[in-house]
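Asks:
Pasting the structure below:
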C-alpha cells in the first residue's frame with residue numbers, strides 16, 4: 261500500500277480521530293486535520309496533501325462544499341465528501357465542486373478504501389492529462405504553424421496564436437463559427453478556388469502544398485496545408501457520414517511558406533533574368549529559342565529574332581564610368597520593352613548585346629523580303645528612338661545608335677547555337693559597316709560565308725591546341741638611336757592548318773577572344789615562348805641577349821592565376837624575367853584598368869617589363885597611362901604606315917613620341933614598311949621601329 265498523504269476536515273473530534281486511525285491502519289499517512297473552514301484552507305495550502313476527506317456540514321458560515329470549491333480552483337487537490345445527507349439540494353451543490361467521490365455516513369472501512377484508491381487513481385490520471393494538455397498547449401502556442409481544430413460541421417473549436425494572427429481574429433471571436441467565415445483557399449497556379457476537403461475514413465491525413473490562403477481582410481499567404489482527421493467515438497461506432505466523410509474532429513495545420521515561396525520565385529527569377537535590366541538572361545533565351553525552333557507550332561507560327569547591339573557602348577562605359585554604362589543598358593532595355601508584343605520576349609545576353617524574339621502579327625501578313633513588315637517596323641523604331649533620345653550623363657549629352665540583325669526562324673536552323681552564330685555574325689557585320697541600321701540574315705550572304713561557320717573555326721582552334729598545331733614566329737624590333745644596343749623581338753603566333761598551311765592570327769584570334777579560347781592559347785604561347793627563349797640563350801647565338809616580347813590577351817589580365825603560370829615557366833626554364841617584355845593592347849588594358857594595373861605591378865615587381873600595344877587604335881588617352889605602369893608604348897601602325905605621305909599622321913606620331921618622353925616611356929613604331937618611315941621615326945625621336953621594312957616574321961625555331 262502506498263503512503264499517500266490525506267488531510268481530514270471534520271468538525272466532530274471523535275469522528276476525525278476514528279478516521280485517522282482507520283486511514284493509518286489502511287497504510288495512508290494523515291498529514292493534518294481541521295474542524296473549520298479557515299483552519300482547513302490554511303492547512304491544505306501549507307501541507308498540500310494528496311487527498312482531502314471533507315465533511316460537508318461544518319461549524320461556521322462556510323461548509324465543506326465551499327472549501328472544496330476553493331481547493332479545486334486554487335490547488336487542484338482531489339476531494340472526497342463525507343456526509344450523512346443525501347437530499348437533492350446537497351448533492352447538486354456537491355457536484356459543483358467536482359469531488360472525486362462521495363461517501364455516505366456511516367461507512368464501512370472497505371468502502372472507504374475503495375473510494376480513496378479510485379479517487380487517487382483518477383487524480384493521477386487527471387494530472388497526467390492536465391500536464392499533457394499544458395504541454396500540448398505550449399507546443400501549439402510556440403509553433404510557427406497556424407493550427408485550427410474544427411468539428412464535423414467545420415466550426416472552429418480551437419485556434420492557436422499563429423492562426424489568430426494569420427486570420428486576423430481572436431479565439432473568442434472565432435470559436436463556434438465556420439472556417440469559411442475567416443478564409444478562403446485557392447490554387448497557386450490557376451487561382452481557382454480550392455474547397456476545404458472532407459476526409460474519408462480510409463484516409464486520415466491529407467497534405468497539400470502551395471495553396472493561397474486569403475483571410476477576410478483580403479490579406480493572403482502561401483501555405484502548405486495538412487488536414488488530420490480524428491474519428492469521434494460516435495462516428496467510430498456508427499461509420500461514416502451520409503456524404504461519405506468521416507465524422508469527428510479535424511485538425512487543420514497551415515505552414516506559412518510565403519517567404520520560402522518568395523525566395524524560390526526570386527531564385528527562379530535570378531536564374532533566368534539579367535539582374536541589371538530585368539530582361540531574360542543568356543541561358544533562358546537559349547532555352548526559349550530552342551523551344552521556338554523545335555516546338556510543334558514553330559512552323560505554323562515562326563518567330564523572328566532581332567540581335568541588338570549598342571554602337572560605341574564602350575566609349576560611354578569607359579569615359580563616363582560603369583554607372584553610366586549600366587544606366588545606358590537599362591534605358592536600352594526599357595526602350596526594347598516598349599516595342600515588345602504580348603507574346604514577345606527579350607534578353608540581355610552579355611555586355612551590350614540584346615535579343616528580342618518577336619512573333620509577327622498574323623493579321624498583318626505584309627512582308628519585306630524574307631521578314632515580316634512589323635518586325636522591320638520594330639527594328640526601325642528602335643533605331644530612330646535611340647538616335648532621337650540622346651544619352652545624358654553629368655550634364656553632357658552623347659549620341660547613341662544601334663546595330664540590329666534580323667534572323668527569321670524559317671526552319672533552316674536546328675539549334676539556338678546556329679541562330680546565335682548567324683545573329684552574332686550579322687550584327688557584327690552591321691556594326692562594322694557603320695552601325696545605326698539593321699540587316700537581315702541571309703544564308704547566301706557572302707559576308708557570312710566569308711567568315712564561314714564560326715562553329716567550324718571553334719573546332720579547328722580546339723583541334724590545333726590538342727594537336728599542338730601552333731607555331732611561334734618572331735619579328736625584330738630595331739633600336740633607332742645609335743647608342744642603344746639593346747635589341748628586341750616580338751614573338752608572334754600562327755596556326756598551322758591540317759594541310760600544313762599557315763593561318764594568320766587575324767583569322768582565328770577574334771573568334772578565340774569571343775568564345776573564351778584565349779586563356780588556353782595564352783598559356784600555350786607562354787609555355788612555348790619560355791622554352792624557346794631558354795633554347796636560344798643556351799645556344800648563345802645572335803639573339804641570346806635580346807628582350808623577348810610576348811603578347812597576352814585581355815582575358816589574361818583578369819586571370820591572376822596566369823601570374824603564377826608565368827613565374828613557374830620562368831623558374832622551370834631558367835629564363836630571367838629581365839629579358840621578357842609582356843605586351844598587352846591599349847584597349848584590353850583600359851577596359852580592365854584596375855585589373856590590368858594590378859597585373860602589371862605584380863609582374864614588374866618580379867622583374868618583367870611591359871609594353872602597351874596598338875596605342876592610338878583605342879582610347880588614346882594619356883590620362884590612362886598614369887594608372888598603367890608600362891615601360892614601352894607601341895604606336896599603332898594606322899598612324900605610321902602612311903606617315904611618309906600624310907602630314908597629319910606624321911604630326912600624331914610626333915605628338916605621341918613627345919608626350920611619352922615626358923612620361924618616361926620608350927616608344928616603338930609599328931608597321932615601319934620602308935626606309936623613309938624608319939628615317940622619320942628616328943628623326944622624331946621614336947626609340948624603336950618594327951615592320952616589314954626591317955624584317956618579315958621568321959619562324960622562331962630557326963633562331
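Numbering (this note's numbering), first residue to last: 261 to 963.
No residue lacks a Cβ here, since even glycine has one placed at the ideal position from N, Cα and C.
With a threshold of 8 Å on Cβ separation, who are the neighbours of residue 282 within its own chain once the five nearest residues in sequence on each side are excluded?
Replies: The residues are 369 and 372.
Asks: Run through DSSP, which three-state label would residue 586 get?
Replies: Helix, per DSSP.
Asks: Do residue 595 and residue 646 have their beta-carbon atoms positioned less than 8 Å apart in this structure?
Replies: Result yes, Cβ atoms of residue 646 and residue 595 sit closer than 8 Å.
Asks: Quick check on this structure: which residue in 551, 585, 526 and 576 has the alpha carbon closest to the alpha carbon of residue 605?
Replies: When each option's Cα is compared against that of residue 605, the closest is 551.
Asks: Between the Cα of residue 554 and those of 679, 448 and 857, spot the shortest distance and give me the residue it belongs to.
Replies: For residue 554, the nearest C-alpha among the options comes from 679.
Asks: I'd like to know whether the C-beta atoms of residue 601 and residue 619 end up nearer to each other than 8 Å.
Replies: Yes, the pair counts as a contact, with Cβ atoms nearer than the cut-off.
Asks: According to the Cβ coordinates, are residue 807 and residue 841 closer than 8 Å?
Replies: Yes. Within cutoff.
Asks: Less than 6 Å between C-beta atoms, sequence neighbours within five positions excluded: which residues of the same chain meet that for residue 328?
Replies: Around residue 328: 314, 339 and 357.
Asks: With distances taken between CB atoms, is the gap from residue 222 to residue 307 smaller than 8 Å?
Replies: The chain is shown only over 261 to 963; residue 222 falls outside these bounds and no answer can be derived.
Asks: For residue 476 versus residue 443, is the C-beta distance shorter than 8 Å?
Replies: A contact, by the Cβ cut-off of 8 Å.
Asks: How long is the line joining the alpha carbons of residue 789 and residue 810, rounded to whole angstroms?
Replies: Those two C-alpha atoms are separated by around 7 Å.
Asks: How many Å lie between residue 833 and residue 926 at the Cα?
Replies: If you take the alpha carbons of residue 833 and residue 926, they lie about 28 Å apart.
Asks: Determine the DSSP secondary structure at residue 235, reduced to helix, strand or coil.
Replies: Outside the displayed range of the chain (261 to 963) lies residue 235, so it cannot be described from this structure.
Asks: Can you tell me whether residue 404 is buried or exposed, with buried defined as 16 or more other CB within 10 angstroms of its CB?
Replies: Exposed: under 16 other Cβ atoms inside 10 Å.
Asks: Just to confirm, does residue 818 get its C-beta within under 7 Å of one of the non-hydrogen atoms of the ligand MG?
Replies: Of ligands this structure carries none, so the ligand MG is not represented either.
Asks: List the DSSP bridge partners of residue 873.
Replies: According to DSSP, residue 873 bridges with 845.
Asks: Does the stretch 935-953 come close enough to the stretch 894-914 that 3 or more CB-CB pairs lie under 8 Å?
Replies: Yes, they touch.
Asks: At the level of alpha carbons, what is the spacing between residue 702 and residue 684?
Replies: C-alpha separation (whole angstroms): 13 Å.
Asks: Mark residue 348 as exposed unless 16 or more other C-beta atoms lie within 10 angstroms of its C-beta, in which case mark it buried.
Replies: By the 10 Å Cβ count, residue 348 comes out exposed.
Asks: Starting from the Cα of residue 300, find the closest Cα among 643, 331, 691 and 521 and give me that residue.
Replies: Here the closest residue by C-alpha is 331.
Asks: What residues match up with residue 542 in a beta bridge as DSSP calls it?
Replies: Bridge partners of residue 542: none, in fact.
Asks: Hey, how far is the Cα of residue 587 from the Cα of residue 853?
Replies: Taking the straight line from one Cα to the other gives about 20 Å.
Asks: Do residue 563 and residue 617 have their CB atoms nearer than 8 Å?
Replies: Yes, Cβ-Cβ distance for residue 563 and residue 617 is below 8 Å.
Asks: Go through its chain and collect everything with a Cβ distance to residue 960's Cβ below 7 Å, but skip five positions before and after it.
Replies: 732, 733, 734, 751 and 792, listed in sequence order.
Asks: Between 932, 899 and 430, which has its C-alpha nearest residue 420's C-alpha?
Replies: The shortest C-alpha separation from residue 420 is found at 430.
Asks: How many angstroms separate the CA atom of residue 903 from the CA atom of residue 825?
Replies: Taking the straight line from one Cα to the other gives about 40 Å.
Asks: Which residues does DSSP list as the beta-bridge partners of residue 618?
Replies: Its beta-bridge partners are 564.
Asks: Which of the three DSSP states, helix, strand or coil, is assigned to residue 306?
Replies: Of the three classes helix, strand and coil, the one that applies to residue 306 here is helix, per DSSP.
Asks: Are residue 875 and residue 896 close, meaning C-beta to C-beta below 8 Å?
Replies: Yes.
Asks: For residue 934, collect the residues of the same chain with a Cβ closer than 6 Å to its Cβ; drop the 5 residues on either side in sequence, then sort them by chain order.
Replies: 953.
Asks: Who pairs with residue 311 in a beta bridge, going by DSSP?
Replies: DSSP output for residue 311 lists 266 as bridge partner(s).
Asks: Using the C-alpha atoms, what's the distance from residue 699 back to residue 707?
Replies: For residue 707, the pLDDT reaches just 47, beneath the cut-off of 50, and the residue's location in the model is therefore unreliable, although a value from the coordinates is still provided. Cα to Cα, residue 707 sits roughly 12 Å from residue 699.
Asks: Check for me: the beta strand (DSSP E) holding residue 735 runs from which residue to which?
Replies: Where residue 735 is concerned, the enclosing beta strand (DSSP E) stretches over 730-739.
Asks: Rounded to a whole number of angstroms, what is the C-alpha to C-alpha distance between residue 353 and residue 345?
Replies: Approximately 12 Å, taken between the alpha carbons.
Asks: Less than 8 Å between the CB atoms is what I'm expecting for residue 568 and residue 664, so what's the real figure, rounded?
Replies: Right, the Cβ-Cβ distance comes to about 5 Å (below 8 Å), so this counts as a contact.
Asks: For residue 691, count the other beta carbons within 10 Å of its own beta carbon; 16 or more makes it buried, fewer makes it exposed. Which is it?
Replies: Buried, since its Cβ has 16 or more Cβ neighbours within 10 Å.
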